[in-house]
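Trainee:
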Amino acid sequence: MRNEKLDLVTGDFYTQNFQKGARENTLILNMGPQHPSTHGVLRIILELDGEYIVRAEPILGYLHRMHEKMAEVKTLVQYMPNMGRVDYGHPLAWNWAFAGAVERLGGIEVPERAEYLRVISCELNRITSHLLWWGAYILDLGAFTPIMYAFDDRERLLDILQIVTGSRLTYSSFRFGGVCADINDKFKELVNDFIPYMRTRLPMYKGLVTDNIILRKRVEEIGYFSPDMIRRYGATGPVARGSGLAYDVRRAEPYSVYNRFDWKVPVYEKGDAMARYLVRLDEIEQSLNIVEQAMASLPEGKHIVDKAPKYTWKAPKGEAYFAVEGGRGKVGVQVVSDGGKNPYKIKLRAPGFSNLSLFAEASQGTLLADAVAILGSLDLIIPEIDR
Amino acid sequence: MIQTVLDQLNAQCVAKCDHAKTGLAWSVFLPASELLRAVKLLHKEEFFLEDVTAIDAKEGYLLVYHFDHMDRPGRLALRVLVSHDAPRVPSIAPVFSGAEWHERETRDFYGIDFSGNPNLVPLLLPADLDVHPLQKEEGARAYVADLLSPCEVLRSEPGFDLLTPKAVEGDKKAKAGDGEGTAA
Amino acid sequence: MNGIATELIRIVVGLVAVAAFVGLNGLVLVYAERKGAGHFQRRPGPFEVGPHGVIQPIADALKLIGKQLFTPENADPFLFWLAPLLSFFPVLLLFVPLPFGPVLTVWEVDLGLLLILAFAGINVLALLLAGWASNNKYGLLGAGRAVAQSVAYEIPLLLTVLAIAFQSGTLNLSTIVSQQGSWPWQWNIVTQPLAFIIYLISALGETNRAPFDLPEAESELTAGFHTEYSGMGFGMFFLAEYANMIVVSGVCTALFLGGWKGPFVDGFWWYLVKVYALLGAMIWFRWTYPRVRFDQLLNINWKWLLPLATLNLLGTAFLMKVF
Chain A
1 MRNEKLDLVT GDFYTQNFQK GARENTLILN MGPQHPSTHG VLRIILELDG
51 EYIVRAEPIL GYLHRMHEKM AEVKTLVQYM PNMGRVDYGH PLAWNWAFAG
101 AVERLGGIEV PERAEYLRVI SCELNRITSH LLWWGAYILD LGAFTPIMYA
151 FDDRERLLDI LQIVTGSRLT YSSFRFGGVC ADINDKFKEL VNDFIPYMRT
201 RLPMYKGLVT DNIILRKRVE EIGYFSPDMI RRYGATGPVA RGSGLAYDVR
251 RAEPYSVYNR FDWKVPVYEK GDAMARYLVR LDEIEQSLNI VEQAMASLPE
301 GKHIVDKAPK YTWKAPKGEA YFAVEGGRGK VGVQVVSDGG KNPYKIKLRA
351 PGFSNLSLFA EASQGTLLAD AVAILGSLDL IIPEIDR
Chain Y
388 MIQTVLDQLN AQCVAKCDHA KTGLAWSVFL PASELLRAVK LLHKEEFFLE
438 DVTAIDAKEG YLLVYHFDHM DRPGRLALRV LVSHDAPRVP SIAPVFSGAE
488 WHERETRDFY GIDFSGNPNL VPLLLPADLD VHPLQKEEGA RAYVADLLSP
538 CEVLRSEPGF DLLTPKAVEG DKKAKAGDGE GTAA
Chain B
572 MNGIATELIR IVVGLVAVAA FVGLNGLVLV YAERKGAGHF QRRPGPFEVG
622 PHGVIQPIAD ALKLIGKQLF TPENADPFLF WLAPLLSFFP VLLLFVPLPF
672 GPVLTVWEVD LGLLLILAFA GINVLALLLA GWASNNKYGL LGAGRAVAQS
722 VAYEIPLLLT VLAIAFQSGT LNLSTIVSQQ GSWPWQWNIV TQPLAFIIYL
772 ISALGETNRA PFDLPEAESE LTAGFHTEYS GMGFGMFFLA EYANMIVVSG
822 VCTALFLGGW KGPFVDGFWW YLVKVYALLG AMIWFRWTYP RVRFDQLLNI
872 NWKWLLPLAT LNLLGTAFLM KVF
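Residue numbers (our numbering), protein chains in the order written: chain A, 1 to 387; chain Y, 388 to 571; chain B, 572 to 894.
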């Protein structure tokens with residue numbers, strides 16, 4: 001952009017690059033990386049005609065940590081804590097994807113009890129992820145109060161997860177061949193209290209927030225994604241399920257013991273922001289069902305294999321891909337090993353990355369306020385997108 | 388169906404993989420010129436793009452495109468080998484729009500040029516950075532055959548030797564890797 | 572000569588009192604807003620400064636006063652600093668005709684209502700200047716929204732006020748109050764319920780309060796027209812917003828809720844109780860509702876409030892003529 005008054009070119013590389021395609025008489029607006037509704041450090045450059053969006057381009061990389069390079073200089077065991085830091089919303093999904101890929105590569109059998117513990121902690125973590133999203137999304141739409149209610153519930157869950165993982169946000173409690181610790185009586189008691197409690201909260205949220213006419217008008221028929229668009233961009237998770245595609249990795253590519261439990265994949269056909277909203281709220285309910293059944297049928301046994309890989313453990317040569325269903329969609333980890341101590345290559349497939357790439361197309365022709373509603377409905381966790 | 392797609396591909400090699408061991412259902416090697424036609428077929432068959440990445444091997448950059456299907460799950464890995472000297476492949480962004488970002492990311496990390504990508508500017512790394520961090524040094528590179536898990540090769544073009552273990556190097560690696568690894 | 576002097580002294584004293592009242596009220600409302608928000612959100616709100624955090628607003632005010640005043644690069648410094656002043660000082664005039672009690676009015680004018688509506692219009696100019704002069708795109712978008720919104724919501728506001736004026740036959744707020752009785756069923760809200768609802772919604776739109784806080788919509792425009800203001804520049808807008816809230820609530824009380832009249836003993840306490848009840852409702856709305864979208868905001872106004880207010884006015888006029 002040329003500033004006439006100062007006679008110099010303003011804007012950085014990306015702004016100038018974006019400016020090239022601009023139409024006459026439009027306003028280029030830089031949203032982020034410090035903006036209240038871009039959840040951290042996402043940056044979006046918008047071309048506005050009045051308040052209507054002509055063109056949008058997300059700019060990534062403000063939280064890029066090059067996890068994939070870090071993998072090459074760490075041993076596999078050392079790399080596990082990184083997985084807790086890729087996605088602060090649902091870190092246990094990443095734990096699982098990485099542990100699963102390495103177990104697949106090394107042929108490590110996971111004890112049955114460990115599988116159950118993984119399911120329980122991962123599903124509880126999914127609920128915290130969706131609660132965080134729910135509160136933050138309503139905040140994006142201008143209502144401040146619900147996030148406090150969501151955090152109230154989330155706080156109880158964090159207390160529970162702390163017992164089994166040892167941390168409150170960046171969990172890295174999975175190990176190759178199991179999990180780091182078994183559960184105790186306190187955990188059982190808290191989970192058994194939490195499940196009925198949360199079931200009384202969900203109808204309240206529906207009455208308090210979901211049925212609010214202002215909210216419905218803000219999210220219904222906003223940000224429509226067609227199934228073809230979902231496939232072209234590779235969007236997964238609640239975003240795909242909100243567009244009528246019943247794709248859940250837990251069902252499609254069954255892993256662990258998920259097929260032993262009775263649960264449904266929530267699918268909504270409408271493809272708007274409301275559909276994605278409802279999918280996530282329903283998933284909280286389904287996760288509660290899974291946790292309840294898993295707690296009831298928890299088998300006895302070890303929580304980790306006897307000879308779990310240690311620090312200098314070397315994976316055999318080869319390649320393995322493991323996908324799990326995270327809070328935002330398909331979390332995939334590809335591990336390539338040349339037989340050395342450090343992995344040869346690790347690829348992290350972040351669901352948010354593919355989901356966000358939809359935004360440029362979906363936001364065209366919408367209002368600025370709708371863009372915020374669409375962005376929020378994608379459930380963005382920037383560290384996961386930037387990796 | 389996946390089988391019809393595979394039959395129509397002018398692939399260098401088609402291999403069926405064991406999902407329990409590798410997480411893949413199919414592994415397909417393609418020449419760069421066939422890539423666009425292949426992804427068009429996949430798009431028609433309603434596949435979706437999972438990710439695009441590359442493996443820096445001794446023979447060159449092995450680009451990997453992971454596809455999956457929402458109704459009939461089964462991961463398909465399309466692999467395209469490009470040389471270190473002129474790393475260039477056609478972009479698949481015109482077919483799978485989401486590939487634009489994946490390709491930009493791969494360019495950032497490996498320096499591979501995706502001709503036809505609508506907006507090939509740095510995505511995750513700073514715009515003025517000249518380094519491609521995931522490129523390996525010459526000595527650290529391994530052969531493709533040592534990196535991929537063994538899969539059942541259904542058909543392969545004559546002269547296709549990417550998956551043939553390289554004897555000399557293979558021995559050395561086998562010693563380093565405790566001999567436990569199942570070399571392809 | 573003597574008469575004019577006493578009038579002048581009365582107005583000056585009144586304005587000083589109003590300024591003091593507005594400042595003090597700002598503090599009380601800040602505390603009420605934060606404490607109210609806290610309790611709506613299952614947390615205690617401010618708690619550390621003084622018992623139950625009662626001194627918190629003073630600490631907030633000191634913080635605002637102590638901050639550096641910052642003019643952004645390329646902003647027009649004159650207009651930039653004119654805007655907060657223009658936003659705050661006309662509001663003081665709006666208090667002049669408000670009937671706080673039977674004799675507690677700064678200046679009883681026959682055109683009191685008109686005075687309030689006229690000076691309330693200046694606020695939008697201040698918002699426009701603030702957004703325009705700060706050389707910020709978010710500010711500009713916020714200012715654009717502010718103008719469209721204020722212009723739109725002033726019309727139904729005016730029409731509902733006019734309905735009461737028809738009914739009472741005067742624009743003098745004190746007279747309107749004295750025509751109403753002490754008990755709730757003797758208030759104008761009984762004869763004009765629709766006007767009351769339209770007034771309340773328009774008042775929220777007019778004062779840029781949630782769910783109609785679009786000019787400063789945090790999650791879209793960061794802070795809209797006052798994005799670039801720091802310290803007391805922001806403090807002025809803040810104070811003006813609260814003062815405007817009191818004015819619209821005060822007018823509402825006088826028009827619909829019997830003003831200083833109440834059961835048992837009439838007096839200014841009833842006026843304050845009713846004004847604060849309305850303010851409490853506004854705070855309650857803010858912490859309960861999401862924000863509407865801009866086109867929805869204008870649709871509500873042009874497609875619902877305006878026709879309804881017009882019908883209400885015509886109906887009132889018709890009934891006045893017949894009976």
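We treat Cβ as the ideally placed atom computed from N, Cα and C, and that holds for glycine. Only a predicted model underlies this, so the values are computations on that prediction, with no experimental measurement involved.
Count the other CB atoms, across all protein chains shown, that sit within 10 Å of the CB of PRO668 of chain B; report buried if there are 16 or more and exposed otherwise.
Mentor: Buried, since its Cβ has 16 or more Cβ neighbours within 10 Å.
Trainee: Going by alpha carbons, who is nearest to ASP338 of chain A out of A:GLU72, A:PHE225 and A:GLN19?
Mentor: Ranking the options by Cα distance to ASP338 of chain A, first place goes to A:GLU72.
Trainee: Name the chain B residues whose beta carbon is nearer than 8 Å to that of HIS35 of chain A?
Mentor: Here the neighbours are THR793.
Trainee: When the Cα atoms are used, what is the spatial distance from THR551 of chain Y to GLU437 of chain Y?
Mentor: For THR551 of chain Y and GLU437 of chain Y, the distance between alpha carbons rounds to 28 Å.
Trainee: Cβ atoms of HIS39 of chain A and ALA136 of chain A: under 8 Å apart, would you say?
Mentor: Closer than 8 Å, so yes.
Trainee: How big is the Cα-Cα spacing for LEU117 of chain A and GLU319 of chain A?
Mentor: Going from the Cα of LEU117 of chain A to the Cα of GLU319 of chain A covers about 27 Å.
Trainee: What are the residues that DSSP puts in a beta bridge with ALA444 of chain Y?
Mentor: Paired residue(s): Y:GLY447.
Trainee: For ARG199 of chain A, which residues in the same chain have their Cβ closer than 8 Å to its Cβ, ignoring the five residues on either side in sequence?
Mentor: The residues are GLU285 and LEU288.
Trainee: Report the neighbours of SER721 of chain B on chain A: residues whose CB is nearer than 9 Å to its CB, in chain order.
Mentor: In chain order: nothing, as chain A lies at least about 17 Å away.
Trainee: Tell me whether GLU109 of chain A is buried or exposed, calling it buried when 16 or more other Cβ atoms sit within 10 Å of its Cβ.
Mentor: Classification for GLU109 of chain A: exposed.
Trainee: List the endpoints of the continuous alpha helix (DSSP H) containing LYS347 of chain A.
Mentor: Taken as a continuous stretch (DSSP letters only), LYS347 of chain A belongs to no alpha helix (DSSP H), being part of the beta strand (DSSP E) at 345-349.
Trainee: Sort out for me which residues DSSP pairs ASP500 of chain Y with in a bridge.
Mentor: Y:ARG475, per the DSSP bridge assignment.
Trainee: Taking the alpha-carbon of ASN342 of chain A as reference, which of A:ASP12, A:GLN19 and A:MET70 has the nearest alpha-carbon?
Mentor: Ranking the options by Cα distance to ASN342 of chain A, first place goes to A:MET70.
Trainee: With H, G and I counted as helix, E and B as strand and the rest as coil, what does DSSP make of GLU812 of chain B?
Mentor: Three-state result, GLU812 of chain B: helix.
Trainee: So which residues on chain D does LYS217 of chain A lean against when the C-beta distance must stay under 8 Å?
Mentor: Checking the listed chains, one finds no chain D in this structure; the protein chains it contains are A, Y and B.
Trainee: In whole angstroms, give me the CA-to-CA distance for ALA632 of chain B and TYR602 of chain B.
Mentor: Their backbone Cα atoms lie some 11 Å apart in a straight line.
Trainee: For the region 222-245 of chain A, list every residue whose C-beta sits within 9 Å of some C-beta in chain Y, in sequence order.
Mentor: So the list reads PRO227, ASP228, MET229, ILE230, ARG231, ARG232, TYR233, GLY234, ALA235, THR236, ALA240 and LEU245, given in the order they occur along the chain.
Trainee: Tell me whether the beta-carbon of ALA880 of chain B lies closer than 8 Å to the beta-carbon of PHE737 of chain B.
Mentor: Not closer than 8 Å, so no.
Trainee: For a minimum of 4 consecutive residues, which ranges assigned as the alpha helix (DSSP H) are wholly contained in the region 770-805 of chain B?
Mentor: Whole alpha helix (DSSP H) segments, 4+ residues: 789-792.
Trainee: Shorter than 8 Å from the beta carbon of PRO25 of chain A to some beta carbon of chain B?
Mentor: The identity of residue 25 of chain A in the sequence shown is Asn, whereas the question assumes Pro. No, its Cβ sits nowhere closer than 8 Å to a Cβ of chain B.
Trainee: DSSP on ASP386 of chain A, reduced to helix/strand/coil?
Mentor: Of the three classes helix, strand and coil, the one that applies to ASP386 of chain A here is helix, per DSSP.
Trainee: In or out: SER226 of chain A buried (at least 16 other Cβ within 10 Å) or exposed?
Mentor: Looking at its Cβ environment, which holds fewer than 16 other Cβ atoms inside 10 Å, SER226 of chain A is exposed.
Trainee: Pull up the CB-CB distance for ALA308 of chain A and GLY178 of chain A, whole angstroms please, since I reckon it's below 8 Å.
Mentor: The pair is a contact, with the Cβ atoms about 6 Å apart (cut-off 8 Å).
Trainee: Applying the criterion that 16 or more other CB atoms from any shown protein chain within 10 Å of the CB defines a buried residue, is MET204 of chain A buried or exposed?
Mentor: The residue is exposed, with fewer than 16 neighbouring Cβ atoms inside 10 Å.
Trainee: Compare the C-beta of MET66 of chain A with all C-beta atoms of chain Y and state if any pair is closer than 8 Å.
Mentor: True, the Cβ-Cβ gap to chain Y drops below 8 Å.
Trainee: Taking the beta strand (DSSP E) that ARG542 of chain Y belongs to, which residues open and close that run?
Mentor: Per DSSP, ARG542 of chain Y belongs to the beta strand (DSSP E) from 539-543.
Trainee: With 8 Å set as the bound, which would you pick, yes or no: does the beta-carbon of THR859 of chain B sit closer than that to a beta-carbon of chain A?
Mentor: By this cut-off, THR859 of chain B is an interface position.
Trainee: What residue from A:TYR14, A:GLY50 and A:ARG23 has the CA that sits closest to ALA369 of chain A's CA?
Mentor: Ranking the options by Cα distance to ALA369 of chain A, first place goes to A:GLY50.
Trainee: Quickly, what does DSSP pair ASP228 of chain A with across the bridge? List them, please.
Mentor: Answer is none; ASP228 of chain A lacks a bridge partner.
Trainee: Quick check: the region 264-277 of chain A against the region 236-250 of chain A, are there 3 or more CB pairs under 8 Å?
Mentor: With a cut-off of 8 Å, the region 236-250 of chain A and the region 264-277 of chain A count as touching, because enough Cβ pairs lie within range.
Trainee: Starting from ILE163 of chain A, trace the alpha helix (DSSP H) both ways and give me its first and last residue.
Mentor: Its alpha helix (DSSP H) spans residues 145-165.
Trainee: What is the DSSP secondary structure of SER30 of chain A, reduced to helix, strand or coil?
Mentor: The sequence shown places Asn at residue 30 of chain A, not Ser. Strand at ASN30 of chain A.
Trainee: So what's PHE856 of chain B in DSSP terms, helix, strand or just coil?
Mentor: DSSP places PHE856 of chain B in helix when its eight states are reduced to three.
Trainee: What is the DSSP secondary structure of TRP652 of chain B, counted as helix, strand or coil?
Mentor: In this structure, TRP652 of chain B counts as helix in the three-state DSSP scheme.
Trainee: ALA825 of chain B and ILE769 of chain B - do their beta-carbons sit closer together than 8 Å?
Mentor: Not closer than 8 Å, so no.
Trainee: Would you tell me roughly how many angstroms separate the C-alpha atoms of THR569 of chain Y and TYR277 of chain A, rounded to the nearest one?
Mentor: For THR569 of chain Y, the pLDDT reaches just 41, beneath the cut-off of 50, and the residue's location in the model is therefore unreliable, leaving the point undetermined.
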